[in-house]
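Colleague: Next up is a structure, given as structure tokens.
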Amino acid sequence: MTAATDYDVVIVGAGAAGGIVAAVLTESGFHVLLLERGQDLTYEQIPRDHLRNQRISIYGHNGGPDIDGNPRVIVPDDVKPEITRVVRPHEGGYQNNASTVGGGTRVYGAQAWRFVEKDFRMASTYGIPEGSSLDDWPISYADLEPFYEQAEQEIGVCGETGGDKHSAYRKNSYPMPPVPPTKRHGVLKDGAEKLGWNTFTTPLLINSVPYHGRPACVQCQHCVGFGCPSDGKNGTHNTVIPRALATGNCDLQTSAVCDAVLTNASGTVTGVSYLHDAGNGPQRKSASARAVVVSSGAIESARLLLLSSSKCHPDGLGNSNDVVGRNLQGHVYPGALGLFEEPNYDGIGPGVSISTTQFNHGNAGIVGGGMLSDEFIKLPIIFWYRCFPPEVPRWGIEAKNWMQYGFTRTMHVIGPVQDIPDPNSRVTLAQGTVDRYRLPVAKLSGTTHPETINTAAFMFERAKEWLTASGAVKIWGDPPGLGLSAGQHQAGTCRMGDDPRTSVTDSYGRVHGHDNLYVMDASLHVTNGGFNPVLTIMALAYRNAANLAEALS
Amino acid sequence: MPHIPFSPSQQKCMIAIMDRVVPSNEFPSASVAGVLNYIESLLHMEEQLRTSVQSGLDAIDQLTTATFGSSFAEINFELQDNILKGCLDGRLPERDGAELFTTALREFAELCVRLVSEGYYADPGNGGNRGSVSWDMIGFAVTDADWSAVGGPK
Ligand SMILES: Cc1cc2nc3c(=O)[nH]c(=O)nc-3n(C[C@H](O)[C@H](O)[C@H](O)COP(=O)(O)OP(=O)(O)OC[C@H]3O[C@@H](n4cnc5c(N)ncnc54)[C@H](O)[C@@H]3O)c2cc1C
Chain H
1 MTAATDYDVV
11 IVGAGAAGGI
21 VAAVLTESGF
31 HVLLLERGQD
41 LTYEQIPRDH
51 LRNQRISIYG
61 HNGGPDIDGN
71 PRVIVPDDVK
81 PEITRVVRPH
91 EGGYQNNAST
101 VGGGTRVYGA
111 QAWRFVEKDF
121 RMASTYGIPE
131 GSSLDDWPIS
141 YADLEPFYEQ
151 AEQEIGVCGE
161 TGGDKHSAYR
171 KNSYPMPPVP
181 PTKRHGVLKD
191 GAEKLGWNTF
201 TTPLLINSVP
211 YHGRPACVQC
221 QHCVGFGCPS
231 DGKNGTHNTV
241 IPRALATGNC
251 DLQTSAVCDA
261 VLTNASGTVT
271 GVSYLHDAGN
281 GPQRKSASAR
291 AVVVSSGAIE
301 SARLLLLSSS
311 KCHPDGLGNS
321 NDVVGRNLQG
331 HVYPGALGLF
341 EEPNYDGIGP
351 GVSISTTQFN
361 HGNAGIVGGG
371 MLSDEFIKLP
381 IIFWYRCFPP
391 EVPRWGIEAK
401 NWMQYGFTRT
411 MHVIGPVQDI
421 PDPNSRVTLA
431 QGTVDRYRLP
441 VAKLSGTTHP
451 ETINTAAFMF
461 ERAKEWLTAS
471 GAVKIWGDPP
481 GLGLSAGQHQ
491 AGTCRMGDDP
501 RTSVTDSYGR
511 VHGHDNLYVM
521 DASLHVTNGG
531 FNPVLTIMAL
541 AYRNAANLAE
551 ALS
Chain R
1 MPHIPFSPSQ
11 QKCMIAIMDR
21 VVPSNEFPSA
31 SVAGVLNYIE
41 SLLHMEEQLR
51 TSVQSGLDAI
61 DQLTTATFGS
71 SFAEINFELQ
81 DNILKGCLDG
91 RLPERDGAEL
101 FTTALREFAE
111 LCVRLVSEGY
121 YADPGNGGNR
131 GSVSWDMIGF
141 AVTDADWSAV
151 GGPK
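Chains as they are written, first to last, in the working numbering: chain H, 1 to 553; chain R, 1 to 154.
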């Protein structure tokens with residue numbers, strides 16, 4: 001640490017990326033302040049409440065953020081952008097991700113996907129659909145491959161090495177064998193074989209065997225959306241963040257909301273200011289640093305840069321070309337439900353067990369594609385909400401009979417499709433709506449590009465095809481419609497690139513025009529792949545943090 | 001868990017409705033599974049819902065009293081089902097040429113279907129689904145592991 005600053009680096013957000021950046025920097029000897037607006041939640045503090053969790057949040061949720069004092073403004077209708085709605089974190093349209101030490105990784109489903117080569121070259125592979133901001137990444141799969149491996153090894157991934165015939169080159173095997181296949185896996189595998197589709201066991205950031213001193217998964221039914229009872233689900237909260245703290249070089253400050261990245265009179269980043277609430281009201285604090293890393297998740301990172309305006313940076317940091325907050329994307333999720341004559345539910349968690357990447361690319365007339373898997377175990381009330389065939393009444397004896405008959409016999413095949421980014425799908429600062437600290441909140445507007453819906457319709461048909469071939473006697477579901485896409489897979493709002501007119505950071509996450517301001521999280525994704533994004537977020541964080549460590553030396 | 005008090009007639013009406021939403025068969029009906037407990041404790045926390053439910057229950061009783069001369073709880077199952085279905089489908093019998101259906105009635109019926117199902121199928125910690133009875137019915141079993149043996153919970 002230099003005497004001139006409080007810290008070498010301040011990291012804003014202790015989520016997927018922020019936790020990794022903290023470990024890489026502190027283990028390289030740098031002194032780090034890791035700010036997290038949420039708390040370090042224990043297992044007991046993330047209740048197994050079936051009506052209030054990160055999967056179904058009717059009256060509240062677990063894992064944060066607090067439902068009071070953290071609103072967002074959404075523009076539900078692209079045609080009439082003047083109509084807005086203020087929503088709380090557990091309400092529809094908010095696009096929530098968890099807010100706690102570990103961020104989304106504290107409660108996620110832990111699917112551990114690498115993107116494939118073409119995911120980094122979408123514009124050169126497909127051309128640029130009209131009205132979209134589709135672009136290539138400034139880096140390739142090969143640049144990220146060693147860091148995917150590092151993430152798999154250090155956070156801990158189980159998977160079937162060599163099972164995925166469409167995956168990109170990988171140097172080494174998964175560090176853990178795959179989880180045992182479920183009964184549904186067997187049924188869907190037979191169906192896929194009839195279709196000539198390649199399938200394999202879904203890779204997961206879950207201990208299939210004891211790993212790095214923590215126990216194996218106990219195959220419970222409350223994985224996605226909850227904390228892990230055996231601590232066998234791997235996030236940054238139980239891997240890299242404890243490592244960072246163990247170095248003695250990391251100060252983790254929880255309940256600390258960063259409200260601005262600070263700059264001096266000449267516009268250079270000097271540190272951060274934040275509001276720390278230890279339970280007796282917020283205290284304003286600040287910390288100076290040689291570099292600041294914004295890792296607050298795609299929506300909040302963009303918001304923080306926009307909030308950090310000053311005389312030198314009137315439109316916010318890194319935003320002189322009006323790119324910050326644009327290209328907000330996530331994943332549209334087409335899926336189909338199929339009823340089978342025989343029960344196929346065996347209760348073995350996490351439930352997602354078999355996947356195909358047959359359609360991630362190479363689909364005639366489609367820009368990209370997506371992965372398909374079976375679904376995590378459904379909470380019974382989620383089954384009630386989302387899994388009734390259209391003709392079955394939702395009340396009376398028929399509804400009860402359906403629940404009794406259908407729960408063990410219904411399969412859901414579903415997957416994320418590659419979002420085609422739209423520059424008008426964006427995060428801006430809301431005028432007149434503030435959070436508990438009187439800071440303007442994020443306003444979300446726009447929709448995904450129509451090509452995304454085209455892909456979703458195509459994948460919906462593939463999901464139905466898979467269920468039919470597997471023996472489903474009845475199939476239903478709805479292909480997704482046009483709408484804002486962000487959610488738990490939110491990404492893209494500070495995209496990387498070589499051209500400052502169309503990107504916010506360089507290929508290492510350094511904000512254009514700044515020497516010591518970085519974004520490291522899902523915001524960097526130029527495109528979000530046809531896969532769940534977290535392993536890519538992690539790999540990028542490893543790569544970019546290593547580069548920052550070098551730059552600081 | 002603190003509860004809101006329904007008036008005796010509201011409570012009777014609520015119980016009658018819930019047992020049409022989830023009637024008994026070889027598995028218990030909603031009221032036997034404790035769904036009243038779920039709804040009363042939920043309404044204690046959710047003020048807006050409370051008003052909707054209380055006024056909805058009164059409206060249903062008024063409707064059946066006007067139509068059949070008895071409160072909802074006192075008419076037979078078939079008539080109860082017809083009233084609920086009529087509210088949900090927007091088709092209630094006219095009376096003396098007056099339209100009895102209102103969108104408020106439909107919204108209330110939809111709300112009842114939702115609340116009762118939540119109580120019946122959500123975790124017992126929410127007050128309904130006593131003894132996980134609905135989970136036994138559908139085949140959702142929760143792993144009962146000895147967490148301490150595997151090192152958790154953390
Ligand atoms: C229920 C659920 C299931 C999921 N399942 C999967 C899956 O199976 N596979 C997959 O790939 N992905 C999954 N995800 C998504 C995955 O968790 C996210 O993609 C990932 O966590 C995003 O990483 P990030 O670093 O961009 O942000 P986050 O992990 O969201 O971290 C950002 C952190 O910054 C904090 N923060 C924000 N603003 C501030 C501020 N101003 N000051 C201080 N701190 C701040 C937040 O509280 C948060 O902890 C899931 C997410 C959820 C919630």
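The beta carbon of each residue, even a glycine, is placed where N, CA and C say it ideally should be. All values derive from a computational prediction rather than experimental measurement.
At 7 angstroms on the CB atoms, spell out the chain H contacts of R:Ala141, in chain order.
Modeller: Those are Gly347, listed as they occur along chain H.
Colleague: Does the beta-carbon of R:Glu118 have 16 or more other beta-carbons within 10 angstroms, so that it is buried, or is it exposed?
Modeller: Buried.
Colleague: Would H:Tyr274 pass as a contact of H:Leu35 if the rule is Cβ separation under 7 angstroms?
Modeller: The answer is yes: Cβ separation under 7 angstroms.
Colleague: Are the Cβ atoms of H:Thr236 and H:Thr105 separated by less than 7 angstroms?
Modeller: Yes, the pair counts as a contact, with Cβ atoms nearer than the cut-off.
Colleague: Does chain H have any CB closer than 7 angstroms to the CB of R:Met18?
Modeller: Not one chain H Cβ lies under 7 angstroms of R:Met18.
Colleague: Which term fits H:Met459, buried or exposed, when burial requires 16 or more other beta carbons within 10 angstroms of its beta carbon?
Modeller: Classification of H:Met459: buried, given that the 10 Å Cβ count is 16 or more.
Colleague: What does DSSP give as the partner residues of H:Ser273 in its beta bridges?
Modeller: Partner(s): H:Ala260 and H:Ser286.
Colleague: Does DSSP put H:Thr202 in a helix, in a strand, or in coil?
Modeller: If DSSP states are grouped into helix, strand and coil, H:Thr202 belongs with coil.
Colleague: Kindly indicate which three-state DSSP category H:Ala16 falls into: helix, strand or coil?
Modeller: Looking at H:Ala16 - three-state DSSP - the assignment turns out to be helix.
Colleague: Going along chain R in order, which residues have a C-beta closer than 8 angstroms to the C-beta of H:Met403?
Modeller: Chain R residues near H:Met403: Tyr121, Ser134, Met137 and Ile138.
Colleague: Using a C-beta to C-beta distance shorter than 8 angstroms, which residues of chain H count as neighbours of R:Asp81?
Modeller: Within chain H, the residues near R:Asp81 are Gly396.
Colleague: DSSP on H:Met1, reduced to helix/strand/coil?
Modeller: For H:Met1, the predicted structure reports a pLDDT of 42, less than 50, and the residue's modelled location is therefore unreliable. The matter cannot be settled from this model.
Colleague: Which value, in whole angstroms, describes the spacing of the CA atoms of H:Met1 and H:Phe30?
Modeller: Low confidence applies to H:Met1: its pLDDT is 42, below 50, so where it sits in the model is not reliable enough to give any reading.
Colleague: CA-CA distance, H:Trp384 and H:His185?
Modeller: C-alpha separation (whole angstroms): 23 angstroms.
Colleague: With a threshold of 6 angstroms (Cβ to nearest heavy atom), would H:Glu300 be considered close to ligand 1?
Modeller: Yes.
Colleague: Are the C-beta of H:Trp197 and some C-beta of chain B separated by less than 7 angstroms?
Modeller: As a matter of chain content, chain B is missing from the structure shown, whose protein chains are H and R.
Colleague: Using the C-alpha atoms, what's the distance from R:Ser132 back to R:Asn82?
Modeller: Looking at the two C-alpha atoms, the distance is approximately 30 angstroms.
Colleague: By a C-beta neighbour count over all protein chains shown, 10 Å radius and 16 as the cutoff for buried, is H:Gly362 buried or exposed?
Modeller: Exposed.
Colleague: Assign H:Gln45 to one of three DSSP states: helix, strand, or coil.
Modeller: In this structure, H:Gln45 counts as coil in the three-state DSSP scheme.
Colleague: The beta strand (DSSP E) spanning H:Leu429 covers which residue range?
Modeller: Here the beta strand (DSSP E) through H:Leu429 covers Arg426 to Val434.
Colleague: Where do the N-terminal and C-terminal ends of the alpha helix (DSSP H) with R:Gln80 fall, by residue?
Modeller: Segment Phe77 to Asp89, the alpha helix (DSSP H) holding R:Gln80.
Colleague: Between the Cα of H:Glu391 and those of H:Val324, H:Lys474 and H:Arg462, spot the shortest distance and give me the residue it belongs to.
Modeller: Closest option to H:Glu391, Cα to Cα, is H:Lys474.
Colleague: Do you know whose CA, among H:His90, H:Glu27, H:Val86 and H:Asp40, lies nearest H:Leu51's CA?
Modeller: Looking at the Cα atoms, H:His90 is the closest of the given residues.
Colleague: So is R:Met14 buried or exposed if we call it buried at 16+ other beta carbons inside 10 Å?
Modeller: So R:Met14 counts as buried.
Colleague: Between the C-alpha atoms of H:Val534 and H:Gly347, what's the straight-line distance to the nearest angstrom?
Modeller: If I take the Cα positions, the gap works out to 26 angstroms.
Colleague: Taking H:His412 as the reference, give the member of H:Ser57, H:Asn401, H:Gln219 and H:Ala336 with the closest Cα.
Modeller: It is H:Ala336.
Colleague: Please report the straight-line C-alpha distance between H:Arg88 and H:Ser425, rounded to a whole angstrom.
Modeller: Looking at the two C-alpha atoms, the distance is approximately 20 angstroms.
Colleague: Is the CB-CB distance between H:Thr26 and H:Asn327 below 7 angstroms?
Modeller: No, the Cβ-Cβ distance between H:Thr26 and H:Asn327 is not below 7 angstroms.
Colleague: Does the region 510-519 of chain H come close enough to the region 265-273 of chain H that 3 or more CB-CB pairs lie under 8 angstroms?
Modeller: As far as the Cβ criterion goes, the region 265-273 of chain H touches the region 510-519 of chain H, which means the pair count is three or higher.
Colleague: Check each residue of the region 374-392 of chain H: if its Cβ is closer than 7 angstroms to any Cβ of chain R, include it; give the result in chain order.
Modeller: So the list reads Pro380, Ile381 and Trp384, given in the order they occur along the chain.
Colleague: Quick check: does the Cβ of H:Val179 come within less than 6 angstroms of any heavy atom belonging to ligand 1?
Modeller: Incorrect: H:Val179 has no Cβ contact closer than 6 angstroms to ligand 1.
Colleague: Report whether the distance from the Cβ of H:Leu35 to the nearest heavy atom of ligand 2 is below 6 angstroms.
Modeller: By its list of ligands, the structure shown excludes ligand 2, since it contains just ligand 1.
Colleague: Per DSSP, what are the beta-bridge partners of H:Cys557 in this structure?
Modeller: Beyond the ends of chain H as shown, which are 1 and 553, falls residue 557 of chain H; an answer cannot be given.
Colleague: R:Ala98 bridges to which residues according to DSSP?
Modeller: R:Ala98 pairs with R:Arg95.
Colleague: Does the distance from the C-beta atom of H:Thr502 to that of H:Cys494 stay below 7 angstroms?
Modeller: Taking 7 angstroms as the Cβ cut-off, H:Thr502 and H:Cys494 do not qualify as a contacting pair.
Colleague: Decide if R:Ala16 is buried, meaning its Cβ has at least 16 other Cβ atoms within 10 Å, or exposed.
Modeller: The residue in question, R:Ala16, is buried, as its Cβ has 16 or more Cβ neighbours within 10 Å.
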